[in-house]
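Heads up, the thing below is written out as structure tokens.
Protein chains in written order, with our numbering: chain A, 2 to 492; chain B, 2 to 492.
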């Protein structure tokens, strides 16, 4: 496509300006957990969309915790693509950074020739700015975009995207005009392998509390002298006994009645994709290296002593888990304070898969507690969202594969229920893939970054060769994003 | 006894001076957990003993963590009594006190006419100074003491009396000359009922840790992303499952093999004492009011729904318990951080009774863990000491009953295995009552104080009438301590 070639040249010729625009967006803090700079960042993006000729640009506030930026761009094209983005970032601990996290300094970091270091560099203000740069380059070099766009940039992804379901309901009529959803992020890992983002597992995060006040036994308002265990019941022991009923002795099987009933994955097609791949993709079983994962996580073995990549991938992609994320109660300081605590609390994140239902799982936990005599144990839902079951052959995803193949980049498609550990970052795919929109979705592009949520978060500005091929710099990120639009327009 | 009458008169006539001496001792901080003022306080007591004519006075340091003050007073008498005391105190949070904790201010506090407020007022520098006042009054009014004394004042009771066993071994030849041990403290509770201190339960304080590094499974060095529970074992769930094997479903029975094997209490005599008392004492079943204890502790019921005072007392005095004092692991902050922790730790204090052996119990816990497949779970002993089985008819105790009866004070004798909740303060009775000394011991006197370990700790300086009779002030404390020595000399 000659038009696309002109766009690529424009990107090459204006790369320094584009880097500066990426830096400017990252330099504006937007920490959704503290609120620092969030509104200012939203205003900056709103102005940017207006400068690019978008209409109906608005900060959908104050209905939502932080504004969701909505905007439309009418190219007079046949198809319309929703561009999802998140402009909020995680908090920073500046003392742990090599450079100030909101300076967005560009430095050499072997093996990469140049990286940009800053909070949000990869997750995901860097790729977001890259997309807007690509957008502008298409306008400048080709005159008009091949697709219409609807922008949805949320500011509370790091707080669990809690307003997104309501936003989708509120904007349903406008959003349903779209033919697909594209999440512009970088797909290449440290080896240069691209891993597109498709669906996601479901997450339910709960808190359990056993409390003497609710139980009616043992201390009810405060911890009492530990010697009184001789005559009093213990809410703390009750919590242990209650938790113990939830999982098997090895901690790996959920013992709640009906927990596994509705699981429909992996399908034969899921397994075929794992083993054989699709189009020119490299099958997951070929690139997944258990030894590297062990080394990264500092673990000696996987559960059930699984060793074959396919067996481990099956668990990672298609199994459900009930984790104990945290527990606390009583005296947790140094020494030997004797205390009979009146309550213990534990936190649990649950991962689930099609077609387990989040509300049904919650009810099953409650029913299990009740049935085992723990009616008094408090069960609180802290967060959660459904899985997103995405057809990996959908037109947005196919456009992305087109681009990987156009650039000769190796890629691996994980089945629809991908796990953030394999294909990050997490995003609320379900709000677009599920009811009522049921849109085809995909996320990805060339490029690489890392240390999301950690100090020295980075995005590669100038790339290098790696195990599976060339890791692209910012120019590749922008070119591939532009290319996705063209490929999608033609499908 | 006319001699004793002269002593009482001397106390009455010099009460103001005596109060000032009590204040002076309390004004000198001696916080064994921080070290503040401990050495200065030890020096002050050493000088006081020298002023009173003691010999062989020494600070047994630096062999012990804080000095143990040793001193002898030879009255040329037939019998010798060890006077045990603790001169260290708990830390203070000054902002919670009505008066500076080391000012030792004397104020009116209804229903008491006057109390002295200060750290150590009742636990136990107030009673210790009162004893030394009584000692001097005997010298002044009667010329000589009726018994020889050996002083043992330790400075680390609030740190678990860790040096006392070694001290007893080191000083065994000198200590074994004694005929008994007397711990000068105040026995009257808020109702005016006196509860002498005799033996004590045993305490074993342990920590249990399940850690992926020791287990060889799951995360080993740091917590990893909670989504990885799908493929990794969980040390946290393992800790829950391990803990769950330790106690029955109601949390009240210890499920460790042989745990109850060596228990020999209550004996028929223990139960008779509970039900009938001894001499003029009021039986425990008559004065123990479950409803008042419920109200104090804010509990609605006791374990097994026990309601009869005797049933509750039997558990409180003669049962063994395995408490869960504290537990922590993973993410304990706000929100929904997803974490698969690499370790969980819990703390447990165990109360045990004759003739369960502390080392044997520790071994049984280890054996239980091993037998149930938890060889990797770390078991650490943080503290502990044996029970002290004391004959309630021993001559020191009988002398104390003599005194209660002389002053017409109602008293209740709890069987030998008394619980600190019933007869405080705790003290290392076992080092005197057990091998190798096996001495008769008792603690107590008239007088009352409260809020040990808490802000506004106090001792009553000028008493008042209460439910079971008159609560004595400092004069009564000192007179009764002097009287104990005379009664003991005559037995």
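Glycine included, C-beta positions come from ideal geometry on N, C-alpha and C. The model shown is predicted, which means the values in this text are computed figures rather than measured ones.
For residue 293(A) and residue 78(A), the gap between their C-alpha atoms comes out near 46 Å. In this structure residue 53(A) touches residue 74(A) by the C-beta definition: roughly 7 Å separates them, less than 8 Å. Listed along chain B, no residue sits closer than 8 Å to residue 428(A) by beta-carbon distance, the nearest being about 14 Å off. Counting C-beta pairs closer than 8 Å gives three or more between the segment 314-327 of chain A and the segment 222-235 of chain B, which meets the contact rule. Near chain A, meaning a CB-to-CB distance below 8 Å, the residues of the segment 348-379 of chain B are 348, 350, 352.
Residue burial is scored here from C-beta neighbours: residue 305(A) has fewer than 16 other C-beta atoms within 10 angstroms and is therefore classed as exposed. Using a Cβ-Cβ cut-off of 9 Å, residue 248(B) is close to 235, 238, 241, 242 of chain A, given in chain order.
Counting along the chain, residue 393(A) sits inside no beta strand (DSSP E), nor does DSSP assign it H or E at all. Interface with chain B (8 Å Cβ-Cβ cutoff): residue 313(A) is included. When 8 Å is used as the limit between beta carbons, residue 220(B) is near these residues of chain A: 298, 299, 300, in chain order. Under the 8 Å criterion on CB atoms, residue 408(B) is classed as non-interfacial with respect to chain A. Two segments are said to touch when three or more pairs of C-beta atoms, one from each, lie closer than 8 Å; by this definition the segment 245-255 of chain B touches the segment 231-247 of chain A. Closer than 8 Å to the CB of residue 198(A) there is not a single CB belonging to chain B. At least one CB atom of chain B sits nearer than 8 Å to the CB of residue 333(A). When the five nearest sequence neighbours on each side are left out, the beta carbons in the same chain lying within less than 6 Å of the beta carbon of residue 278(A) are those of 284, in order along the chain. Burial check for residue 8(B): the Cβ neighbour count within 10 Å reaches 16 or more, so the residue is buried. Under the Cβ distance rule, residue 124(A) does not count among the residues neighbouring chain B, no pair being separated by less than 8 Å. Assignment of residue 195(A) by DSSP, reduced to helix, strand and coil, places it in the strand class.
Taken through DSSP and simplified to helix, strand or coil, residue 55(A) comes out as coil. One finds nothing in chain A with a Cβ atom closer than 8 Å to the Cβ of residue 32(B); even the nearest lies about 14 Å away. Contact between the segment 191-206 of chain B and the segment 125-145 of chain B is not established, with fewer than three Cβ pairs separated by less than 8 Å. Look at the beta carbons and you see the segment 85-105 of chain A touching the segment 446-456 of chain A: at least three pairs across the two are nearer than 8 Å. For residue 2(B), the three-state secondary structure derived from DSSP is coil. Taken in chain order, the unbroken stretches of alpha helix (DSSP H) that lie wholly in the segment 247-334 of chain A and span 4 residues or more are 269-277, 285-288, 291-298, 310-319. Using a CB distance cut-off of 8 Å, residue 413(B) does not count as an interface residue toward chain A. Nearest to residue 89(B) by alpha-carbon distance, out of 355(B), 387(B), 159(B), is 159(B).
Inter-residue distance for residue 331(A) and residue 337(A) is about 12 Å (C-alpha atoms, whole angstroms). When DSSP states are grouped into helix, strand and coil, residue 379(B) belongs to the strand group. Each of 247(B), 220(B), 430(B), 311(B) was checked against the Cα of residue 296(A), and the nearest Cα belongs to 220(B).
Approximately 6 Å separates the beta-carbon atoms of residue 84(A) and residue 183(A); this is inside 8 Å, confirming the contact. In the three-state reduction of the DSSP assignment, residue 154(A) falls in the strand class. Listed along the chain, the chain A residues whose CB falls inside 7 Å of the CB of residue 245(B) are 241, 242, 245. Assignment of residue 207(A) by DSSP, reduced to helix, strand and coil, places it in the strand class.
Beta-bridge annotation (DSSP): residue 182(B) is paired with 83(B), 442(B). Going by DSSP, residue 117(B) is part of the beta strand (DSSP E) stretching over 113-118.
Residue 290(A) does not reach chain B, its nearest Cβ partner there being about 14 Å away, counting only Cβ pairs nearer than 8 Å.
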